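Participant: I have a structure I would like to understand better, so I am pasting it below and will then ask my questions one at a time.
Residue numbers (this note's numbering), protein chains in the order written: chain F, 210 to 568; chain Y, 210 to 568; chain V, 210 to 568; chain S, 210 to 568.
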């Protein structure tokens with residue numbers, strides 16, 4: 210039983226191999242009567258596109274979005290929204306030499322074991338190109354979030370060992386949009402850029418961390434006991450290529466804290482109940498409490514490197530591989546809109562799911 | 210739309226409030242013809258029971274499992290397995306003083322916001338008592354895993370700042386079963402015990418980490434793109450009370466690694482393709498590759514502490530709270546069987562889901 | 210992948226073999242804050258119980274309902290409602306002679322083929338006893354319907370060749386409750402009774418028809434294109450043991466009608482849009498239009514008869530069977546509350562599903 | 210919660226409004242390694258196309274299928290199959306006069322009530338054009354069925370009051386393919402043609418019946434208790450536009466039969482257990498028994514007629530409507546491939562679902 214659909218009421222189903230005809234999807238459960246602008250969705254899509262700066266790969270993918278259904282005269286119909294992006298810039302012949310080889314830390318071997326065959330061109334279904342359908346889904350989800358005044362903001366917190374050293378509350382988050390690395394801290398960004406250039410020359414690659422905050426989220430979202438808000442967020446995030454870790458609120462640092470220091474004390478301020486601290490990360494008992502929801506993700510370094518690496522082919526023979534073509538040193542900047550998209554999908558779905566919680 | 214069911218083919222649905230009549234569930238999709246022993250399930254259940262040692266709380270819950278359906282003459286029928294455990298030792302009156310108060314970092318406030326009312330007795334549905342149904346589900350899942358020779362083993366890796374300092378491969382994992390803290394490292398266990406006693410005297414509580422490894426798991430499990438194996442594991446783990454973080458394989462340390470150091474090189478050994486290192490944590494492209502699957506969880510410290518804490522009641526008035534009764538300083542030892550159960554449910558479900566991957 | 214759950218937001222999962230320990234289920238997605246009375250549910254349950262009159266079988270099943278969770282101080286919590294009924298009156302030894310035989314037109318053979326084994330006692334999971342969990346689910350669904358003023362009423366329209374000859378609108382439907390056959394037409398009831406007695410003496414059994422009308426259902430329910438309201442009703446009804454046919458509105462008679470005679474002309478009456486006729490049966494384009502929703506079901510005659518019948522055993526040997534014990538000549542009267550329950554579950558689920566149709 | 214997905218493991222999600230940019234869908238869960246021919250699917254699609262003969266409407270829809278993903282070098286990848294057909298021949302201006310009017314027995318009124326707005330052009334999402342995505346899905350399902358030697362065959366049994374008077378076993382079913390009415394009985398076909406021409410002149414429309422048989426279906430398919438095989442078939446069939454009734458096996462005639470006449474006696478023939486009669490219609494206890502599965506559907510007459518009809522507009526004003534343009538007198542011939550497609554989807558899904566029934 211396959212796993213190409215995300216969400217329970219607001220559902221995104223995606224399709225597409227990296228070098229097939231198109232990448233696209235269907236959004237189900239999007240409520241009727243909301244104003245939809247194709248151009249707004251295209252803007253989101255452009256953020257994950259390669260070729261935006263010298264720090265990300267230079268493929269010329271135009272990624273022109275076609276919305277095929279579900280929108281009429283600028284409004285959602287309540288019917289499914291089919292969409293696609295043609296795969297224009299495919300160069301499948303770049304991949305012929307990889308047909309029978311298993312690249313280290315890629316999905317080649319596991320796809321072969323699972324399905325008995327695979328589309329070897331550019332990673333096929335396992336390529337990050339699939340994520341553009343997520344970004345489209347996320348842009349629609351965001352329309353629902355905006356109705357609530359809820360905002361999802363992610364940024365690059367760390368690349369390799371270069372990191373932002375302050376809390377998200379001390380940062381000017383609007384700088385993200387103008388940063389080629391999607392990093393709102395100018396000093397950290399400069400250090401990261403230097404590291405990327407240095408690593409690029411070494412033919413090596415980098416991992417890092419993305420931080421995400423959801424602001425002004427209504428209390429009551431999340432569905433105990435299995436579909437807790439943090440559980441759905443964790444699933445959403447770990448479903449992104451290269452993510453190896455997720456922590457929410459106090460996260461791993463909670464392990465060394467004591468209850469007396471970790472408990473978030475409630476207080477009433479202006480008729481609203483808030484917490485003095487927010488180690489919970491905006492979620493208690495699996496349900497949002499109205500405070501900021503924030504979490505961090507760890508990304509592994511890009512598997513494709515410009516160095517000789519040993520591997521095996523489909524027959525078990527040893528082969529030496531070295532990347533050709535165009536590849537990012539790090540995916541972090543391009544991962545930011547995907548993190549935002551997945552977080553938006555989770556929250557929008559939870560808003561709709563919550564509509565049946567009470568009589 | 211509620212979230213009380215886990216899994217897609219092997220499905221566990223749970224019910225029960227902490228001080229209601231019973232806690233139980235239904236297991237659907239359990240294949241017919243497998244040998245089922247109620248006593249084996251009861252043994253698993255006993256592991257999460259309080260009152261096993263002085264390090265965990267002394268409630269006398271007998272947790273007698275009743276299997277109501279789905280098993281006939283010692284074998285599974287392929288029909289749903291209904292089960293329950295009576296809530297014998299409930300003392301609801303212990304909780305009367307909490308009826309209208311929101312305990313810090315508990316689910317009281319969020320349940321009220323979501324549902325408009327709640328069962329305040331012992332946390333109601335948000336209580337960790339619900340996890341006994343998970344342990345039952347996990348014990349059944351394990352029957353499927355054993356058919357494949359697959360093993361799920363978890364242990365306490367850290368409590369507060371006391372931790373095991375070596376890799377899981379250096380440990381004698383069979384020691385877990387005899388350790389009151391479910392910690393296979395005797396030295397670390399001793400340090401943890403001292404810390405627990407010290408913290409208990411302070412009326413405070415502790416968090417920690419649980420490590421879990423899945424050994425001898427067949428390659429091919431996991432369903433790209435959204436139901437990747439690590440995504441389902443992350444969801445399963447973050448659905449456990451008090452978990453704040455999840456990392457698989459290299460996890461958060463991946464952020465600072467480079468591709469040349471992180472890539473797991475394939476080699477053929479005795480006709481089988483393996484990787485020389487295992488930073489991937491046994492999962493590539495969302496699919497198991499046959500290597501050990503291992504991950505770590507962070508738990509926050511127990512929210513209930515024996516110290517005065519400020520909070521608010523339902524009307525926004527300030528109240529001072531102090532725990533009464535029986536509460537664990539740390540949930541870590543009792544969380545171990547729950548982590549194992551959830552991991553087993555994920556893997557067993559993935560085994561069944563994988564049956565339709567190929568023609 | 211098993212099929213023991215009905216509904217998408219309001220979900221009923223059932224378990225239980227006829228002669229196992231208990232029959233029960235879990236209701237998920239029932240909104241919080243609704244008044245729930247165990248006794249009201251028990252009353253519904255009593256309607257499907259055998260032994261109510263000489264026209265239905267004389268088993269002394271008390272069918273005492275236990276609600277285990279999800280209800281607190283008389284109100285729903287929004288958490289899952291676990292419930293069960295113990296199987297008190299089981300006489301498994303009655304069925305020993307059937308252990309390896311396939312009774313004609315029963316589920317013995319097919320369960321064996323599907324699962325490789327079965328609980329032969331009283332049909333095991335295929336027994337109509339399972340339907341008591343449906344009646345409980347339906348009683349909860351009805352609480353949601355009553356909030357809307359929606360009413361689900363079913364009755365026996367035909368047993369064998371004896372039938373009610375008038376339209377449901379000409380009948381006094383309140384007579385159903387006092388009719389031992391759940392037939393609101395006294396003349397038809399008398400003829401049915403005579404037929405039942407005559408057929409009982411012949412050791413034979415009868416089929417028939419049940420009619421159901423849903424009154425005062427809000428427009429807008431039903432989810433195109435696959436989960437059309439009539440599609441979900443059809444599934445619900447064909448999921449009931451012994452049902453062989455379903456027709457809604459004009460039903461099979463539509464085949465011979467022309468568009469000019471079948472089209473339901475809209476008119477506005479008192480600010481409300483209604484249709485002059487209702488051949489559509491209250492559903493257009495898969496969505497309710499506010500008119501009565503009505504449909505008819507055909508039931509096959511009971512498979513268990515008190516006559517010698519040839520069959521085969523598990524090894525293919527010919528065997529002669531003759532029923533022993535207590536069996537109904539017809540299930541029609543007892544099927545009525547089950548039809549109502551399933552219809553109520555469909556409508557209540559659709560009410561909740563419809564909450565996310567619009568922004 | 211919308212209803213645009215059919216199936217549990219083999220899942221078809223469709224999208225598209227009649228006069229939007231495209232109609233299409235995604236097929237998930239199609240097993241890897243099966244040979245897929247785009248041309249074979251196109252042939253199925255052509256069967257439902259209008260303009261095939263003078264008995265069906267003359268729209269020039271080319272319905273060119275594009276398969277966008279999931280197939281590589283002629284084989285399925287196990288990844289989702291995205292597909293679409295452009296809506297080339299749309300003449301939306303034909304529908305301007307219908308913008309605010311509710312056509313009788315169409316979905317105009319109910320879509321407006323449900324969603325608050327609608328695409329009025331050609332029925333929008335409620336148009337039968339959506340069914341082409343079902344035919345594509347069915348063609349893929351058929352690839353799975355052919356592996357098992359299972360065959361799904363449907364034909365027109367009745368149009369208006371003209372019908373085939375013999376059993377399906379007496380018919381030469383290969384004649385369906387060459388019949389413009391998809392009716393294998395030449396005499397009945399001639400009578401139906403005359404009736405269609407006569408009715409066309411009257412500006413009226415016709416309903417009818419479609420019969421479907423599934424041959425050589427393996428025993429064991431169907432998932433008790435709610436997803437019984439006949440329940441899923443009923444849902445599939447009632448999800449087709451204009452279907453008002455469904456009966457399987459003995460169907461409505463069962464109501465008047467007695468158990469002694471209706472029971473299907475088992476016998477062993479050549480090592481295989483079969484039944485002497487087949488009133489069960491190949492399904493017992495919700496599970497296939499290996500005999501022919503057969504059922505009949507009733508279709509209402511086409512709602513669009515070339516006669517003046519009263520109706521109301523969105524403001525409740527009376528309006529007189531008369532169809533313009535191109536419309537079928539009866540949909541029956543074009544419905545046949547849709548019935549086959551939906552039946553194939555049910556059986557293929559059940560084959561995959563059954564893979565987890567046993568250990």
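We put the beta carbon where it would ideally sit given N, CA and C, even for glycine.
Every value quoted in this text rests on a predicted model; they were computed, and no experiment measured them.
Which residues, taken in chain order from the stretch 288-309 of chain V, show a beta carbon closer than 8 Å to some beta carbon of chain Y?
Facilitator: Those residues of the stretch 288-309 of chain V that come within reach of chain Y (Cβ to Cβ, closer than 8 Å) are 288, 289, 290, 291 and 293.
Participant: Do the stretch 286-299 of chain F and the stretch 309-318 of chain F touch if we need at least three Cβ pairs shorter than 8 Å?
Facilitator: no
Participant: Using a cut-off of 7 Å between C-beta atoms, extract the partners of residue 565 of chain V located in chain F.
Facilitator: Residue mapping note: residue 565 of chain V aligns to position 356 of the third chain, counting from 1. Under the 7 Å cutoff, chain F gives 218, 238, 240, 561 and 564.
Participant: Can you round the beta-carbon distance between residue 500 of chain S and residue 491 of chain S to whole angstroms, since I take them to be within the 8 Å contact cut?
Facilitator: Residue numbering aside, residue 500 of chain S sits at position 291 when the fourth chain is read from its first letter. Residue numbering aside, residue 491 of chain S sits at position 282 when the fourth chain is read from its first letter. 4 Å between Cβ atoms; contact.
Participant: Between the Cα of residue 548 of chain V and the Cα atoms of V:445, V:231, V:350 and V:246, which residue gives the shortest distance?
Facilitator: The sequence position of residue 548 of chain V within the third chain is 339, counting from 1. Residue 548 of chain V has its Cα closest to that of V:445, out of V:445, V:231, V:350 and V:246.
Participant: Using the three-state DSSP reduction, which class does residue 308 of chain S fall into: helix, strand or coil?
Facilitator: Within the fourth chain, residue 308 of chain S is the residue found at index 99, counting from 1. Correct three-state label for residue 308 of chain S: coil.
Participant: Go to residue 444 of chain V, then tell me how far its beta strand (DSSP E) extends in each direction, as first and last residue.
Facilitator: As a position in the third chain, residue 444 of chain V is number 235, starting the count at 1. Run containing residue 444 of chain V: none in the beta strand (DSSP E); it sits in the alpha helix (DSSP H), 438-447.
Participant: Verify the CB distance criterion: does residue 223 of chain Y have a CB-CB separation below 8 Å to chain F?
Facilitator: Mapped onto the second chain, residue 223 of chain Y falls at position 14. Yes - at least one Cβ of chain F is within 8 Å of the one on residue 223 of chain Y.
Participant: Rounded to whole angstroms, what is the Cα-Cα separation between residue 552 of chain V and residue 220 of chain S?
Facilitator: For the purposes of this step, residue 552 of chain V is taken as residue 343 along the third chain, with counting starting at 1. For the purposes of this step, residue 220 of chain S is taken as residue 11 along the fourth chain, with counting starting at 1. When rounded, the distance between both Cα atoms is 25 Å.
Participant: Between the stretch 327-340 of chain S and chain V, which residues of the former have CB atoms less than 7 Å from a CB of the latter, in chain order?
Facilitator: 334, 335 and 339
Participant: For a contact defined as C-beta to C-beta under 9 Å, what are the partners of residue 439 of chain F on chain C?
Facilitator: Given the protein chain composition of this structure (F, Y, V and S), no chain C is represented.
Participant: Distance check for residue 544 of chain V and residue 442 of chain S, CA to CA, integer angstroms please.
Facilitator: Indexing the fourth chain from 1 puts residue 442 of chain S at position 233. Indexing the third chain from 1 puts residue 544 of chain V at position 335. Their Cα atoms are separated by approximately 21 Å.
Participant: Looking only at C-alpha atoms, which of S:497, S:516 and S:526 sits nearest to residue 479 of chain V?
Facilitator: Your numbering for residue 479 of chain V matches position 270 in the third chain. Here the closest residue by C-alpha is S:526.
Participant: Compute the distance between the beta-carbons of residue 447 of chain Y and residue 348 of chain F, then report whether it is under 8 Å.
Facilitator: Position 238 of the second chain holds residue 447 of chain Y. Position 139 of the first chain holds residue 348 of chain F. Not a contact, by the Cβ cut-off of 8 Å.
Participant: Could you check whether residue 488 of chain S and residue 482 of chain S sit closer than 8 Å to each other, using their CB atoms as the reference points?
Facilitator: Working through the fourth chain from its first residue, we reach residue 482 of chain S at position 273. Working through the fourth chain from its first residue, we reach residue 488 of chain S at position 279. Taking 8 Å as the cut-off, the Cβ atoms of residue 482 of chain S and residue 488 of chain S do not count as close.
Participant: Does the beta carbon of residue 354 of chain Y sit closer than 8 Å to a beta carbon anywhere in chain F?
Facilitator: Start at 1 with the first residue of the second chain, and residue 354 of chain Y comes out as number 145. Not an interface residue.
Participant: Roughly how many angstroms separate the alpha carbons of residue 375 of chain S and residue 496 of chain S, rounded to a whole number?
Facilitator: Along the fourth chain, one-based indexing puts residue 375 of chain S at 166. Along the fourth chain, one-based indexing puts residue 496 of chain S at 287. Near 27 Å, if we compare the C-alpha coordinates of residue 496 of chain S and residue 375 of chain S.
Participant: So is residue 324 of chain Y in contact with chain V if we call contact Cβ pairs under 8 Å?
Facilitator: Taking the first residue of the second chain as 1, we reach residue 324 of chain Y at position 115. By this cut-off, residue 324 of chain Y is an interface position.
Participant: Contact between the stretch 319-329 of chain F and the stretch 381-392 of chain F is defined here as three or more beta-carbon pairs at a separation below 8 Å; is this criterion met?
Facilitator: no
Participant: Starting from the C-beta of residue 534 of chain Y, find all residues in its chain whose C-beta is less than 6 Å away, skip the five residues before and the five after it, and write them out in chain order.
Facilitator: What you label residue 534 of chain Y is simply residue 325 of the second chain in a count that begins at 1. Result list for residue 534 of chain Y: 303, in chain order.
Participant: Report the three-state DSSP secondary structure of residue 340 of chain S (helix, strand or coil).
Facilitator: Walking along the fourth chain from the start, residue 340 of chain S turns up at place 131. DSSP places residue 340 of chain S in the helix class (H, G or I) of the three-state scheme.
Participant: Apart from the five residues just before and just after residue 373 of chain Y, which ones in its own chain have a Cβ nearer than 6 Å to its Cβ?
Facilitator: Mapped onto the second chain, residue 373 of chain Y falls at position 164. Correct list, in chain order: 366, 394 and 397.
Participant: Distance, Cα to Cα, residue 415 of chain V vs residue 257 of chain Y?
Facilitator: Against the third chain, residue 415 of chain V aligns to sequence position 206. Against the second chain, residue 257 of chain Y aligns to sequence position 48. Distance between the alpha carbons of residue 415 of chain V and residue 257 of chain Y is about 54 Å.
Participant: Check the C-beta distance from residue 573 of chain Y over to residue 281 of chain V and give it rounded, since I have them as a contact under 8 Å.
Facilitator: The question about residue 573 of chain Y has no answer, for chain Y in this structure spans 210 to 568.
Participant: Going along chain Y in order, which residues have a C-beta closer than 7 Å to the C-beta of residue 284 of chain V?
Facilitator: Here the question's residue 284 of chain V lines up with position 75 in the third chain. In chain order: 326.
Participant: What does DSSP give as the partner residues of residue 467 of chain V in its beta bridges?
Facilitator: One-based indexing of the third chain puts residue 467 of chain V at position 258. Residue 467 of chain V pairs with S:415.
Participant: Taking 7 Å as the cut-off, does the CB of residue 413 of chain Y come closer than this to any heavy atom belonging to the ligand FAD?
Facilitator: Of the ligands one can find in the structure shown there are none, so the ligand FAD has no counterpart to examine.
Participant: Among Y:512, Y:505, Y:231 and Y:504, which one has its Cα closest to the Cα of residue 451 of chain Y?
Facilitator: For the purposes of this step, residue 451 of chain Y is taken as the residue at position 242 of the second chain. Ranking the options by Cα distance to residue 451 of chain Y, first place goes to Y:512.
Participant: Thinking residue 434 of chain F and residue 213 of chain Y are a contact (beta carbons under 8 Å), I'd like their distance in whole angstroms, please.
Facilitator: Taking the first chain and counting its residues from 1, one reaches residue 434 of chain F at position 225. Taking the second chain and counting its residues from 1, one reaches residue 213 of chain Y at position 4. Residue 434 of chain F to residue 213 of chain Y, Cβ: 6 Å. Contact.
Participant: Please list, in chain order, all residues of the same chain as residue 538 of chain V whose beta carbon is under 8 Å from its beta carbon, the five residues on each side excluded.
Facilitator: On the third chain, residue 538 of chain V is found 329 positions in, with the first residue counted as 1. Excluding sequence neighbours, residue 538 of chain V sits near 264, 405, 408, 409, 413, 414, 415 and 511.
Participant: Show which residues of chain S have a CB atom less than 9 Å away from the CB atom of residue 215 of chain F.
Facilitator: Here residue 215 of chain F refers to the residue found at position 6 of the first chain. In chain order: nothing, as chain S lies at least about 12 Å away.
Participant: Does residue 379 of chain S come out as helix, strand or coil in the three-state DSSP assignment?
Facilitator: As a working note, residue 379 of chain S is residue 170 in the fourth chain. Helix, per DSSP.
Participant: What residues of chain Y sit near residue 493 of chain F, judged by a beta carbon separation below 8 Å?
Facilitator: In the first chain, residue 493 of chain F corresponds to position 284, counting from 1. Those within 8 Å of residue 493 of chain F in chain Y are 314, 315, 316, 318 and 319.
Participant: Comparing alpha-carbon positions, which option in V:273, V:286 and V:563 lies nearest residue 217 of chain V?
Facilitator: Along the third chain, one-based indexing puts residue 217 of chain V at 8. Measuring from the Cα of residue 217 of chain V, the nearest candidate turns out to be V:563.
Participant: 8 Å is my cut-off, CB to CB: does residue 500 of chain F come that close to chain V?
Facilitator: The residue you call residue 500 of chain F lines up with position 291 of the first chain. Judged by the 8 Å Cβ criterion, residue 500 of chain F is not in contact with chain V.
Participant: Which stretch, first to last residue, makes up the beta strand (DSSP E) that contains residue 557 of chain V?
Facilitator: Residue mapping note: residue 557 of chain V aligns to position 348 of the third chain, counting from 1. Not the beta strand (DSSP E): residue 557 of chain V falls in the alpha helix (DSSP H), residues 541-562.
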